[in-house]
Every structure is written in C-alpha cells, then in structure tokens.
Amino acid sequence: MIVMCPELYSECTLRAELSPEVLSALEEATSDVVTIEAGNDLVTSGEAVSHIHYLLRGTVVRYREDKKGQRQVVGIGLHGEFLDIDSFQLRVPNYSMRSLDTAEVAKIPFDGLAALLCRFPDMVRTLWTSTVSEGIALQYWIFRIGRLRGEGRIAHLICELAERLRQYGRFEGGALNLPLRQCDYAEACGMTPIHANRCFASLRERGFVDVKRARTLHVLAEPELRKLAMFNVLAVSSEGDASRNTK
0 MIVMCPELYS
10 ECTLRAELSP
20 EVLSALEEAT
30 SDVVTIEAGN
40 DLVTSGEAVS
50 HIHYLLRGTV
60 VRYREDKKGQ
70 RQVVGIGLHG
80 EFLDIDSFQL
90 RVPNYSMRSL
100 DTAEVAKIPF
110 DGLAALLCRF
120 PDMVRTLWTS
130 TVSEGIALQY
140 WIFRIGRLRG
150 EGRIAHLICE
160 LAERLRQYGR
170 FEGGALNLPL
180 RQCDYAEACG
190 MTPIHANRCF
200 ASLRERGFVD
210 VKRARTLHVL
220 AEPELRKLAM
230 FNVLAVSSEG
240 DASRNTK
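Under numbering that gives the first Met the number 0, the residue at position 75 of the sequence shown is numbered 74, and the numbers go up by one with no gaps.
Following this line, the structure appears as structure tokens:
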C-alpha cells in the first residue's frame with residue numbers, strides 16, 4: 000500500500016524537465032514507498048524486477064561481485080535520482096544495489112511507467128537523456144580506474160560527487176555529507192581499503208581534504224583536486240558544453 004507523501008517527487012533531479020502534470024502522474028503511478036535499512040539490497044543481480052526505483056532519501060551503491068564476494072562499485076545513487084531506469088528494458092538486472100544508510104525508495108511498476116510514457120511522450124526523451132548521461136559518467140569511471148593513480152582516482156570520485164551535489168543545489172564547497180566509508184571509495188576506485196586509506200592520508204597531508212567527523216568529508220582545495228584527477232564536469236553534465244572542460 001502506498002505511503003502518501005505530499006510532493007513525493009519534489010526533490011527529483013529531473014524536475015526541471017518534467018511538467019507538474021507529469022510529476023503528479025508519477026506520484027499516482029507509484030505503487031509503494033519502502034524503507035531500506037543500511038547494508039541491505041534493494042535489487043539483487045540476476046533476480047527479475049517489475050518496477051524502477053526512485054530514491055527519496057539516502058545513498059545507494061550499484062555493484063557487481065566476483066566469485067569470492069569481493070565488490071566492485073559501478074555507480075552511486077543520490078536522493079532525488081531514479082536509480083535503475085535501464086531495468087525497464089533489462090527486466091533482470093546484471094548488478095545489485097545496496098543502501099549505505101537508511102533509505103526511502105519509491106517503486107514505479109513497469110506497466111505504470113509504460114502508460115506514462117504513452118501519455119507523456121516528452122518523458123521518453125527526458126528519461127533517455129538521463130540514461131545517456133549515466134553512460135557518459137560510466138566512461139569516466141573507466142577512465143578513472145584505467146588511467147589514474149590511487150590519489151587521482153579518489154580525487155576524481157570526490158570531484159564527481161561534489162559536482163553532482165552542486166548541480167542539485169546541495170553543495171557549495173566545504174562538507175560533502177555522504178555516508179561513504181573509505182572502503183566504499185576503495186570499491187568504487189578499484190583498490191584495497193589499505194590503499195584507499197593511504198591515498199586519503201596523502202590528500203589530507205597535501206591540504207586537499209579533511210575528515211572532521213565520521214563519514215563527513217571536507218573539500219578544502221577543489222581546484223587542486225580537479226587538477227590531480229584530470230576531472231571534466233562533462234562526466235556529470237548532460238549539457239555537452241565543451242567550454243566547461245576543466246582538464
């Protein structure tokens with residue numbers, strides 16, 4: 000049974016591209032809102048799903064596991080984002096999703112989404128653009144792991160998260176309030192937790208970042224971080240504006 004919330008999609012990161020009528024219809028199409036406790040999966044690789052997920056609150060990682068149970072994080076979902084639009088086509092995802100903190104997730108059934116896309120054709124372009132942007136971001140994730148040294152990988156992920164939050168109006172410099180542990184950074188950057196710890200220590204020594212309290216990272220020198228990471232804002236922008244390249 001749906002938990003009725005006023006303005007369920009009020010913080011949707013695609014809100015500017017979706018009309019109030021579409022947002023209202025999305026709320027009507029939402030079948031359920033569930034709470035996922037930290038450390039629990041909301042999607043399991045290889046198991047069929049019947050709806051897409053929208054993150055109302057919390058932070059979620061998308062990951063793959065090897066035969067030994069070692070994780071590789073391949074994406075990070077922030078509140079206000081649709082987490083798995085691609086599952087509308089995949090139906091059986093080849094990845095799992097896990098909450099890093101207590102999360103609230105809205106579920107939109109595939110049949111309800113299909114009806115919305117027929118009713119609001121412009122919504123197709125919006126969701127397609129969002130999916131393309133995710134694909135572009137994944138290319139930069141591959142670049143990060145394949146071409147950067149340890150410190151650069153960590154710096155690149157920090158810059159990406161900071162820029163995404165900035166575009167959502169949730170970061171103006173300073174504290175990056177996300178529940179990521181150093182082991183989460185390690186799994187997203189293709190390194191061991193020990194290596195990640197050493198990289199963070201180096202970044203702190205250089206005055207680029209600081210950790211004031213558990214899981215609160217303070218960005219002290221973002222321009223220097225971007226230079227170290229060879230960071231390009233196109234990694235998180237759907238605008239395609241080459242003039243914003245900050246390599």
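Cβ atoms here follow ideal geometry from the backbone N, Cα and C, with glycine treated the same way. As the structure is a computational prediction, the values presented were derived from the model and not from experiment.
Where residue i falls: helix, strand or coil (DSSP)
i, result
"THR215", "strand"
"ASP31", "strand"
"SER129", "helix"
"ARG97", "strand"
"LEU82", "coil"
"GLY76", "strand"
"GLY111", "helix"
"ASN264", "The structure shown has nothing for residue 264, since the chain only spans 0 to 246."
"ALA102", "strand"
"ASP183", "helix"
"GLN69", "coil"
"LEU202", "helix"
"VAL208", "strand"
"VAL232", "helix"
"ARG225", "helix"
Residue i to residue j span [Cα, whole Å]
i, j, result
"ALA174", "GLY68", "32 Å"
"MET190", "TYR139", "17 Å"
"GLY111", "PHE170", "34 Å"
"ALA195", "GLY149", "7 Å"
"ARG61", "LEU216", "21 Å"
"LEU177", "ARG214", "7 Å"
"TYR53", "ARG225", "30 Å"
"PRO120", "ILE193", "49 Å"
"LEU25", "ASN231", "33 Å"
"MET229", "ARG152", "10 Å"
Beta-carbon contacts of residue i that lie in its chain and below 6 Å, excluding the five residues immediately before and after
i, result
"ARG118", "none"
"CYS11", "GLY79"
7 Å Cβ shell around residue i - same chain, five flanking residues per side excluded
i, result
"ILE84", "ILE51, LEU126, SER129 and THR130"
"THR43", "SER95"
"GLU223", "PHE207"
"PRO92", "VAL42, SER44, VAL48, ASP83 and SER86"
"TYR184", "ILE153, LEU156 and ALA195"
Residues bridged to residue i [DSSP beta-bridge criterion]
i, result
"ALA174", "HIS217"
"ARG61", "GLY74 and MET96"
"LEU54", "VAL104"
"VAL42", "MET96"
Ignoring anything shorter than 4 residues, give me the alpha helix (DSSP H) runs that lie fully in the segment 116–161, in order along the chain.
Listed in chain order, the complete alpha helix (DSSP H) runs (minimum 4 residues) inside the segment 116–161 are 121–146.
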